[in-house]
Amino acid sequence: MFKYLFAKAEDIPAGSAAVYFGFSSIVWFVIGTGIGSFNAAKLAFPDFVTGSEILSFGHMRQVHVLAVILGWISMAFAMAMMYITPALGNTKLWSEKLGVWNCLLWNVGLSLGLFLLWLGITSGREYSDLPWFIDLVVVFGLLLPLGINVWMTIKTRRTQGIYTTNWFFGAATFMVIIVFLVGNAPEFFQLTGLTEAYMTWWFAHNVLGLWITPVAAAISYYIVPKVTGNPLYSHRIGHLHFWSVVVFYSTPAAHHLMSAPLPEWLKSFASVEGVLILVPAIAFVSNLLLTMTGKWRMFVENIEIKFTITGVMMAIPLNLQGGFQQTRAINWYIHGTGWIVAHAHLALLGFSTFLEAAAVYYGLQTLLRRKLYSLGLANFHFWMLLIGFSTYWISMTIAGLIQGAGKIYEVPYIDVVIAEHPYMIARWVGGTMVFLGNCVWLFNMWKTARAGTVIPAGRLPHELAYER
Amino acid sequence: MAFREYKVGARMFGLALGTSMFITLYMPSLDMGSVAATASAMERQLGFGRVGGFSYEDPFLQGWAKPVTVDIDKDPKTGAPIEPTRAYVYEANVPFPNGIRHPRILGKASEALSETKGHVTEADESHGAVFVVRETTQNGVSVPYIENVTATKGWAPADTIAVSSDSARSYIGKGKIMFVREGCWWCHTLLPEQTQDWQYFGAPPMLGDFNGESPTAFGSDRKAPDLTHVGSRNSSREWMNLHFFNPRLVQPHSIMPRYDYLWGDKDANGKPIDYDAWRTAYNDYESGKTVYPPEVPLPAADSEARALIDFIINLK
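Protein chains in written order, with the numbering used here: chain A, 3 to 470; chain B, 149 to 464.
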């Protein structure tokens, strides 16, 4: 990687930046889920590793969250953008060198930010925990170079139109920069009080709604038609998805603070807009599942499709939860409980992670021109992820319902803690399965790069048979 | 190939995103910006200081450059007895909170009173100042305002601290830094819900209860009791000492981490704290080898544990 930082542009092999981003994302996934498993162990067994400040739960929790969001998810996005955008434009990445620098800056900037968080140097705002100067590093060192590469690659494309995936990529990179700059305004300009609280959640909502959800969906718009060979079922429904994400997903931020003293009109507005999240959700899921017509065997046989379609199908419970749990009728019961934790993991570890994993699996094989080392290990990874996540989701959903009941029936809090204990253990077991699965994945991808069968020119990875 | 054929789309996109931000950011800001601060908001921000998270003056979140809250019953200047008063002491170069820097955020009536009767605009950070929260009645409505008693009564910061005993000082500003840094708010919310928390966790906050405070650290995941009014439920320092040192001493089923490391090296009597010996003795107690747990040291006045307990007990 370092040898390309100052190399001539023509000496840098196409796809280098994407490969570095791909492997970085897997490493961050291992780190992020490892910390998650460690944190979960502390919730189940509070005296596990005790008496040390930097290993305490309060110092590690935000490191886990931001390692998976900015490390795993966002770097997998960068990887996907850096090979899918040029592929769809029938061109090369605008600047491979910028991409390599971007990857280096990303790893360095993120490591620095997480190290500071780990020491407790935080803004004290959930999801925007990073102090403001690290936010500027994120915007100008991580996201803007990525955006420039994506926009310029789209601009210099050699195709007539822009495919759905690239609308999302181009728009989402723009929107996430706006969200970071505006959402952190309370830190830049010392905004206080309810404004600060509301903008914290405006940021948290939109970084999910305008970055993670649309980009993850955009990946599946590429992978499914590419691997199955079916054309996308409907570009019009794709249009509906895109525009309804921009209009409906960017507006309900206040539904995260339904029990706070925000203006009532704002909460009602947000709640109605929150239900309308079902419009992009239904458009997306139906479009992708109908694209699978006639190729459902690949859901079993092909590892990329298996990951992609599982992710797409997770969008169904995700959006049904997301659409309705924020209405006043339901929110008063489950707000602030483990139900929400389960929902957040359904979004990030269920829906989006499966789509990013598909992109990284497929992209690394394509770029390295190597067939996946072992289908068996990949299937093992898939099932560890799916069973681990399901264990986590089910146990936290139950724990959340217990907490909700305890909350409304005024049960002494300690009785809720006692009742939750078995589910905390289950959550830890599930999270640990995800972590172990990811370690296997890292091994599998490393072996793919070193010992995978070379893919002949003109062939695609999924056209070759698996050897292991 | 340029974006030419996508000109309309790009404009529509800008319009959609712009409208969305207009509705979700600009319109609420008019409402939230016009809310008058309550007395509670003034007390909170005066106690916490300018920022409760990362800031220039306290980049490592050690509780540097924070105000001290003192409860006094003597006039610091004359020594004459006065009504028990809570004063917020900002020593030289301790940054003032937002309500002093920008009295506009207090709301029109409070802003006018704080400036005319309270002389807050005369306060100078480089010399420090002492503030108190007052209330007066205007047109039959009680209006809170901030008074700069350094200007109105000549209370110097150092004198104000000198007339208070150690037990009357609360390091609430430093304590909030500990609360944020140690991640207490990942499990303990600071926001009773409007729907069902009245009985158990007390009244939910009002619209103007947070003006000037940053971060609000409401928390979103209630793995533990809400703390907004915890000082009204439990104000025992002895209980807090035990509970922060090792929560299992007072609540065997608690899943809260131990915060013994906030005690630092020495206890209140200047004696070094032997953590290893304490943990060994505690393990003996936990496994049933001994009947009584080891004694928990009292936190030193300048320890982080003391500041955190001050913060918690003052959440009324």
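No residue lacks a Cβ here, since even glycine has one placed at the ideal position from N, Cα and C. Quick caveat, the model's predicted, so the values are computed rather than measured.
Worksheet item: From the beta carbon of Thr428 (chain B), is the nearest beta carbon of chain A less than 7 Å away?
Response: In terms of beta-carbon proximity, Thr428 (chain B) stays away from the interface with chain A, with every pair separated by 7 Å or more.
Discussion item. Using beta carbons (cut-off 7 Å, strictly below), is Ala262 (chain A) in contact with chain B?
Written reply: By this cut-off, Ala262 (chain A) is an interface position.
Item to complete: Would you mind reading off the limits of the beta strand (DSSP E) that contains Thr217 (chain B)?
Response: Per DSSP, the continuous beta strand (DSSP E) segment holding Thr217 (chain B) begins and ends at Val216 to Lys222.
Item to complete: Report all residues from its chain with a CB closer than 8 Å to the CB of Ala46 (chain A); omit the five preceding and five following residues, and keep chain order.
Response: Cβ contact annotation for Ala46 (chain A) (same chain, cutoff 8 Å, sequence separation greater than five): His423, Met426, Ile427, Arg429 and Trp430, in chain order.
Discussion item. I need the straight-line Cα distance from Ala361 (chain A) to Leu322 (chain A), nearest angstrom please.
Written reply: C-alpha separation (whole angstroms): 25 Å.
Worksheet item: Are there three or more Cβ pairs, one per stretch, closer than 8 Å when the region 290 to 297 of chain B is compared with the region 319 to 332 of chain B?
Response: Counting C-beta pairs closer than 8 Å gives fewer than three between the region 290 to 297 of chain B and the region 319 to 332 of chain B, which falls short of the contact rule.
Item to complete: Would you list the one or two residues that DSSP bridges to Val362 (chain A)?
Response: Looking at the DSSP assignment, Val362 (chain A) forms no beta bridge with any residue, so it has no partner.
Worksheet item: In or out: Phe250 (chain A) buried (at least 16 other Cβ within 10 Å) or exposed?
Response: The Cβ neighbour count for Phe250 (chain A), taken over all protein chains shown within 10 Å, is at least 16; the residue is labelled buried.
Item to complete: Give me the Cβ distance between Leu165 (chain B) and Ser252 (chain A), rounded to the nearest whole Å; I'm assuming they're in contact under 8 Å.
Response: Right, the Cβ-Cβ distance comes to about 7 Å (below 8 Å), so this counts as a contact.
Worksheet item: Along chain B, in chain order, which residues have C-beta atoms closer than 7 Å to that of Ala173 (chain A)?
Response: Ordered by position in chain B, the residues that pass the 7 Å Cβ test against Ala173 (chain A) are Phe161.
Worksheet item: Along chain A, which residues have their Cβ under 7 Å away from the Cβ of Trp411 (chain B)?
Response: The contacting residues do not exist; Trp411 (chain B) stays about 11 Å from chain A at best.
Fill in: First through last residue of the beta strand (DSSP E) which encompasses Phe8 (chain A)
Boundaries cannot be given for Phe8 (chain A), as no beta strand (DSSP E) includes it and DSSP labels it neither H nor E.
Fill in: Closer than 6 Å: Asp314 (chain B) CB and nearest the ligand MN heavy atom
The ligand MN is absent from the structure shown, which contains no ligands of any kind.
Fill in: Glu273 (chain B) at chain A interface by Cβ criterion, 7 Å
No, its Cβ sits nowhere closer than 7 Å to a Cβ of chain A.
Practice prompt. For chain B, find out if any of its Cβ atoms is closer than 7 Å to the Cβ of Thr87 (chain A); answer yes or no.
Written response: It does not; no Cβ of chain B falls within 7 Å.
Worksheet item: Arg329 (chain B) CB to nearest chain A CB: under 7 Å?
Response: Residue contact check for Arg329 (chain B) against chain A: a CB pair falls below 7 Å.
Worksheet entry | Short-range partners of chain B found in the region 103 to 136 of chain A, where Cβ spacing is below 8 Å | Taking 8 Å as the Cβ-Cβ cut-off against chain B, the residues of the region 103 to 136 of chain A that qualify are Leu121, Gly122, Ile123, Thr124, Ser125, Gly126, Arg127, Glu128, Pro133 and Trp134.
Worksheet item: Going by the beta-carbon positions, is the gap between Met435 (chain A) and Met398 (chain A) smaller than 7 Å?
Response: Against a cut-off of 7 Å, the Cβ pair of Met398 (chain A) and Met435 (chain A) comes out as no contact.
Practice prompt. Compute the distance between the beta-carbons of Gly325 (chain A) and Val277 (chain A), then report whether it is under 7 Å.
Written response: Between Gly325 (chain A) and Val277 (chain A), the CB-CB gap stays under 7 Å.
Practice prompt. Thinking Trp341 (chain A) and Gly402 (chain A) are a contact (beta carbons under 8 Å), I'd like their distance in whole angstroms, please.
Written response: Indeed they touch by this definition, with Cβ atoms about 3 Å apart.
Worksheet item: Ala425 (chain B) and Leu446 (chain B): beta carbons closer than 7 Å?
Response: Between Ala425 (chain B) and Leu446 (chain B), the C-beta spacing is not below 7 Å.
Practice prompt. Under the assumption that Leu466 (chain A) contacts Thr455 (chain A) (Cβ atoms under 8 Å), give the Cβ distance between them as a whole number of angstroms.
Written response: That pair is a contact at about 7 Å.
Discussion item. Contact defined as beta carbons within less than 8 Å: I believe Ile305 (chain A) pairs with Tyr224 (chain A). What is the distance between those atoms, to the nearest angstrom?
Written reply: Contact between Ile305 (chain A) and Tyr224 (chain A) fails: their C-beta atoms lie close to 16 Å from each other, not under 8 Å.
Item to complete: Give the secondary structure of Gln347 (chain B) by DSSP, where H, G and I count as helix, E and B as strand, and everything else as coil.
Response: Helix, per DSSP.
Practice prompt. Give every residue of the same chain whose Cβ lies closer than 6 Å to the Cβ of Ala206 (chain A), excluding the five residues on either side of it in the sequence, and list them in chain order.
Written response: Excluding residues within five positions, the ones whose Cβ falls inside 6 Å are Tyr129.
Worksheet item: What does Trp387 (chain B) touch in chain A if you count any residue whose Cβ is under 8 Å from its own?
Response: For Trp387 (chain B), none of the residues of chain A pass the 8 Å Cβ criterion, the least Cβ distance being about 14 Å.
Discussion item. I want to verify the contact list: residues of chain D whose CB lies under 9 Å from the CB of Trp334 (chain B), in sequence order.
Written reply: Chain labels in this structure do not include chain D; the protein chains are A and B.
Worksheet item: Beta carbon of Met190 (chain B), beta carbon of Val281 (chain B): below 7 Å?
Response: Taking 7 Å as the cut-off, the beta carbon of Met190 (chain B) is found closer than this to the beta carbon of Val281 (chain B).
Worksheet item: Is it buried or exposed for Asp417 (chain A), if we count other Cβ within 10 angstroms and need 16 for buried?
Response: Burial call: exposed.
Worksheet item: Taking DSSP as the reference, what is the three-state secondary structure of Glu231 (chain B)?
Response: In this structure, Glu231 (chain B) counts as strand in the three-state DSSP scheme.
Worksheet item: Would the beta-carbon of Ser39 (chain A) fall within 7 Å of that of Phe437 (chain A)?
Response: Contact flag set, yes.
Discussion item. Mapping the DSSP letters down to three states, classify Phe327 (chain B) as helix, strand or coil.
Written reply: Three-state result, Phe327 (chain B): helix.
Worksheet item: Under a CB-based cut-off of 7 Å, is Glu341 (chain B) close to chain A?
Response: At least one beta carbon of chain A lies nearer than 7 Å to the beta carbon of Glu341 (chain B).
Item to complete: Leaving aside the five residues before and after Gly143 (chain A) along the sequence, list all residues of the same chain whose C-beta is less than 7 Å from its C-beta, in chain order.
Response: Excluding sequence positions up to five before and after Gly143 (chain A), its CB lies within less than 7 Å of the CB of Leu107 and Gly111, all in the same chain and listed in chain order.
Worksheet item: What are the complete beta strand (DSSP E) segments, minimum 3 residues, inside the region 234 to 282 of chain B?
Response: Runs of the beta strand (DSSP E) inside the region 234 to 282 of chain B: none found.
Practice prompt. Could you name the residues of chain A that Ala448 (chain B) contacts, counting a contact when the two beta carbons are closer than 9 Å?
Written response: By Cβ distance, chain A contributes nothing, its closest Cβ being about 17 Å from Ala448 (chain B), past 9 Å.
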